[in-house]
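Residue numbers (UniProt numbering), protein chains in the order written: chain A, 1 to 202; chain B, 1 to 202; chain C, 1 to 202; chain D, 1 to 202.
Since the structure comes first, as structure tokens, the remarks are kept for the end.
Number of protein chains: 4
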Amino acid sequence: MNGHAAKEGNGRGRGRRPADEVRADVLRTAGDLLLTEGIADLTFERVAKASGVSKTTLYKWWPSKGALALDGYFHAVRETLDFPDTGDVRADLLTQLRAFAHVMIHTPGGRVLAELIGESQTDQDLATAYRKLYSSHRRRLAAERLHRAQELGQIRTDIDVQVLVDQLWGAVYHRLLIPDEPVTDAFIVALVNNLLDGVRPK
Amino acid sequence: MNGHAAKEGNGRGRGRRPADEVRADVLRTAGDLLLTEGIADLTFERVAKASGVSKTTLYKWWPSKGALALDGYFHAVRETLDFPDTGDVRADLLTQLRAFAHVMIHTPGGRVLAELIGESQTDQDLATAYRKLYSSHRRRLAAERLHRAQELGQIRTDIDVQVLVDQLWGAVYHRLLIPDEPVTDAFIVALVNNLLDGVRPK
Amino acid sequence: MNGHAAKEGNGRGRGRRPADEVRADVLRTAGDLLLTEGIADLTFERVAKASGVSKTTLYKWWPSKGALALDGYFHAVRETLDFPDTGDVRADLLTQLRAFAHVMIHTPGGRVLAELIGESQTDQDLATAYRKLYSSHRRRLAAERLHRAQELGQIRTDIDVQVLVDQLWGAVYHRLLIPDEPVTDAFIVALVNNLLDGVRPK
Amino acid sequence: MNGHAAKEGNGRGRGRRPADEVRADVLRTAGDLLLTEGIADLTFERVAKASGVSKTTLYKWWPSKGALALDGYFHAVRETLDFPDTGDVRADLLTQLRAFAHVMIHTPGGRVLAELIGESQTDQDLATAYRKLYSSHRRRLAAERLHRAQELGQIRTDIDVQVLVDQLWGAVYHRLLIPDEPVTDAFIVALVNNLLDGVRPK
DNA sequence: TATTAACCGAGACGGTACGTCGCGTCTTGTC
DNA sequence: GACAAGACGCGACGTACCGTCTCGGTTAATA
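Below is the structure:
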């Protein structure tokens, strides 16, 4: 009626494996799961089963589901949008924002990024890691490009460029996270023009 | 923090109770849990236990945890920030954004709202309900105020005011959801000035 | 998000119906369920839904699931094995036991009867009803036939015929309820011979 | 009747415990519940709560409530009635049947055994396990004793002793499971005499 | 014939138990 | 010693039925 558990070995055995090999297996699995099923179905349990790595090992290296998700995301998504500098700030902002919007809307990575931000609202570890590994870096790159525009006299020097980051990329995030309105090309263009030209009558 | 608001010993038996009475018990409990413990600790199980309403009933009326959370939130939070109209659009925007930022930062309701947006990234029911019950309404109110500014010649009529909503309130949400930078009064002021005046040198 | 229940009328309306009509609907449904799915799937809930009779009404007339099952069983199964009397007790017992075994093994009613006996081990209401409505009656009929055999000098008068009931039909029930051994015709024959002739060498 | 034999405050944490320790806790609890409250109140939920073993673990080792009940029963009830052999088959049968009847009527184990047989009518797993672990073994022991009687010429060799098992112990089970008539000592005596001597006039 | 009260259907309600999933902790055995 | 395998206690999930109850509508018995 009972009989305890049977011991059936699988192919690999259970001994120690090289850390890099283990880590790579995990991140590949986590990345796949994220892109195909979303963050809600990314669980330690499933990653362990699918990657052939034990839960013990997972918990050793990734303290929370968010940490694992973030790591898996960056492993799966290599694309790093850079900030072009042709000297024309208006054109460069349009280029970057268009590329950013494209990635967010037309690739599975965009969906995942939104879910990571969502998850980070209730996972402090993830929130911290996300800022440290991603958003603060992106913000700095944007600010640097805008600073160069200030040096060239294209943006007033009394302007806090960090605020512009929120009014450009932050506005896009707003439409992504709360999709009352779509992210169109006209929207992108308007974002830039509104700030550079102001919205009051001349 | 009150703990057990259960109905034990009310001598009522187990039969049917008036739907409104049940609904009120649930929303009160859900609202309390949300404001005191956050959305992560809002479970059907706990709401059922604390409200004295059975899980069956909860699932009947609220199809997902997000739906319950949203209903509980609006039941608990009555404050409806309105959009002032003194004729001076710059002053009115400052007033509204300051009030909005205050609520989001200094009241538990702000934290909950961020968590709801986060949860809605993986809960389509909640996302839809959130837009229908809250965000699209707020967006409309903001747009109406901006339209009046257009009629008074304070904002150019070729401007899409919906974009301004993302560049003002959306920018604040950005700092709330991804807190690399704090929401300060200087930030609020800059948001409005950047858009009204433009950021290029005169 | 909530919306309460919609009111959609079905064909019949909800007013009072003649008691006999209601009762017939219930018993037909209960009998069907018993014969097709067994007693485990006979629930008040399912009978109510399938018969179009409200749970209120079911509980009014049948205090327990066992009571309903028993009633449904007798409504579905009309076959009443009688006890033949040709004057030859050995032949008559064989005839009756064979017929009894046939019904128990080759008709769904046999399965249901076993399940009713099983259920009655933990349902006192059912146990009482079963004895009152069925088994004590069957036992009496058997005893009467055996008494006539005593009067004819075919069975000694110092024999308690009630014990014979247990050693004939009871033995069959034993093999039905705990099926270590099958109920064969040889078994039936042996039952009768063993008792009439004794098992000791002559 | 002791109620909570839980493991709270044992300072053990939540990790894995030795399987035997877990198993012992479960069987003790299940046995207690069976003997004090009967099979109807033996639920996975209660066993889990009272034993401090999680439901997950229970479902892993015992696929159905019946399986758990049977295991718990044999863990609680050690008494194994043996079949005496003094050479006098009539006396030995009386002795064994009396002891059997005593246990069935005057100990809680008897009630439980009847309930297990009842439950097995709708639980195929339990039915199989019951036969494998208990009834077929008991039947074999009885048959062996009767075979020896045949070898000694006390029972005719053309008699199928398996049928006698049904007409002796099976008859007792009949009165236990369908208690129209009581199990008295006179009944036990008559069972044996009827078969050994036959019921026809000499 | 018109009222009305008994009765019924529908199904919501507070519960208990179900069987499953994932969490984070722990033990065991293997390499 | 690091690892896989996975058992373990726990808590939540979403569902099924239980037996009790409210509600509204119909019909059969009354006025």
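Yeah, the Cβ is synthetic: ideal placement off N, Cα and C, and Gly gets one too.
Just so it is clear, the structure is predicted and the values come from calculations on it, not from any experiment.
Mind listing the chain A neighbours of residue i? Cutoff is C-beta to C-beta under 7 Å, in chain order.
| i | result |
| --- | --- |
| residue 167 of chain B | 167, 171, 191, 194 |
If the cut is a Cβ gap below 7 Å, which residues of chain D does residue i touch?
| i | result |
| --- | --- |
| residue 203 of chain C | In the structure displayed, chain C extends from 1 to 202; residue 203 of chain C sits before or after that span and is not available. |
| residue 114 of chain C | 121 |
For residue i, report the span of its alpha helix (DSSP H) as first-last.
| i | result |
| --- | --- |
| residue 59 of chain C | 55 to 61 |
| residue 65 of chain B | 65 to 76 |
| residue 50 of chain C | 44 to 51 |
| residue 127 of chain D | 124 to 130 |
| residue 238 of chain B | Since the first and last residues shown for chain B are 1 and 202, residue 238 of chain B lies out of range. |
| residue 195 of chain B | 185 to 197 |
| residue 120 of chain D | 108 to 120 |
| residue 133 of chain D | No alpha helix (DSSP H) contains residue 133 of chain D, which DSSP labels as neither H nor E. |
| residue 37 of chain B | 19 to 37 |
Taking residue i as the query, report the chain B residues whose CB atoms sit under 8 Å from its CB, ordered along the chain.
| i | result |
| --- | --- |
| residue 174 of chain A | 166, 169, 170, 171, 173, 174 |
| residue 117 of chain A | 118, 121, 177, 178 |
| residue 139 of chain A | 180, 181 |
Would you please state the rounded distance, in angstroms, between the beta carbons of residue i and residue j? I believe it to be under 8 Å.
| i | j | result |
| --- | --- | --- |
| residue 176 of chain D | residue 97 of chain D | About 13 Å separates the two Cβ atoms, so there is no contact after all. |
| residue 110 of chain D | residue 171 of chain C | About 20 Å; that fails the 8 Å criterion. |
| residue 63 of chain B | residue 125 of chain B | 6 Å |
| residue 116 of chain B | residue 39 of chain B | 7 Å |
| residue 194 of chain C | residue 195 of chain D | 6 Å |
Starting from the beta carbon of residue i, find every residue of chain C whose beta carbon is closer than 8 Å, and list them in chain order.
| i | result |
| --- | --- |
| residue 156 of chain D | 199, 200, 201 |
| residue 159 of chain D | 190, 194, 199 |
List, in chain order, every chain C residue whose beta-carbon is nearer than 7 Å to that of residue i.
| i | result |
| --- | --- |
| residue 181 of chain D | 162 |
Could you work out which residue in the options is closest to residue i when comparing CA atoms only?
| i | options | result |
| --- | --- | --- |
| residue 145 of chain A | A:26, A:33, A:84 | A:84 |
| residue 121 of chain A | A:172, A:136, A:66, A:143 | A:66 |
| residue 27 of chain A | A:58, A:184, A:183 | A:58 |
| residue 141 of chain D | D:78, D:113, D:164 | D:164 |
| residue 153 of chain C | D:199, D:152, D:156 | D:199 |
| residue 182 of chain D | D:78, D:74, D:105 | D:105 |
| residue 68 of chain C | C:36, C:132, C:31, C:100 | C:31 |
| residue 34 of chain B | B:168, B:23, B:72 | B:72 |
| residue 102 of chain D | D:37, D:47, D:80 | D:80 |
| residue 135 of chain A | B:138, B:178, B:74, B:29 | B:178 |
| residue 20 of chain B | B:156, B:37, B:112, B:61 | B:61 |
| residue 54 of chain A | A:23, A:167, A:130, A:115 | A:23 |
| residue 127 of chain D | C:118, C:37, C:133, C:131 | C:118 |
| residue 173 of chain A | A:114, A:51, A:108, A:75 | A:114 |
| residue 143 of chain A | A:130, A:168, A:37, A:129 | A:168 |
| residue 108 of chain C | C:156, C:70, C:37 | C:37 |
| residue 130 of chain D | D:202, D:74, D:48, D:49 | D:74 |
| residue 138 of chain D | D:155, D:149, D:100 | D:100 |
| residue 197 of chain A | B:155, B:166, B:180 | B:155 |
| residue 150 of chain D | C:201, C:149, C:148 | C:201 |
| residue 50 of chain C | C:29, C:147, C:78 | C:29 |
Can you pull the chain B residues whose beta carbon is under 9 Å from the beta carbon of residue i, in chain order?
| i | result |
| --- | --- |
| residue 131 of chain A | 178, 179, 180 |
Applying a beta-carbon distance threshold of less than 8 Å, which residues of chain A neighbour residue i?
| i | result |
| --- | --- |
| residue 135 of chain B | 178, 180 |
At 7 Å on the CB atoms, spell out the chain B contacts of residue i, in chain order.
| i | result |
| --- | --- |
| residue 40 of chain A | 122 |
| residue 153 of chain A | 201 |
Count Cβ pairs between the stretch 32 to 44 of chain C and the stretch 79 to 97 of chain C that sit closer than 8 Å; are there 3 or more? no
Stretch-stretch touch, CB-based, cutoff 8 Å, three pairs: the stretch 180 to 188 of chain B with the stretch 155 to 173 of chain A: yes
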